[in-house]
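Working notes for the structure below.
Residue numbers (the numbering used here): -12 to 103.
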């Protein structure tokens, strides 16, 4: 997504502040190899109308979402990685997988610059 940030740290600080104001969000600062990022974890309970279930009874469904916002170090973009699941019995494994994915993010130096 587009962002008007001038530094990755400023963008991450702003994201942490904005998401931290919302109840029911677990907001965490991440120090990734590519720079700062912010993770937002949300768990929701939904009721599925019995009309759509096998038993005819209303069913409660728990879902989880992890979003990780990784600001580009040179701006003006933020990469957003999202994992949504209703497989809450696999939450720990999915969280670890998401952590490995975002740790692998890299921003190569643009061509024509030192090291690029």
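Using N, Cα and C, we set each Cβ at its ideal position, and we do this for glycine too. None of the values given here were measured: they were computed from a predicted structure.
About 5 Å separates the beta carbons of residue 70 and residue 53, which is inside the 8 Å limit, making them a contact pair.
By the 16-neighbour rule on beta-carbons within 10 angstroms, residue 2 is buried. Annotation for residue -9: 62, 63 place their beta carbon closer than 8 Å to its own, counting only its chain and skipping 5 residues before and after. A buried status is given to residue 23, since no fewer than 16 other beta-carbon atoms sit within 10 Å of its beta-carbon. Between the C-alpha atoms of residue 60 and residue 18 there is a straight-line separation of about 13 Å. Contact between residue 51 and residue 44 fails: their C-beta atoms lie close to 23 Å from each other, not under 8 Å.
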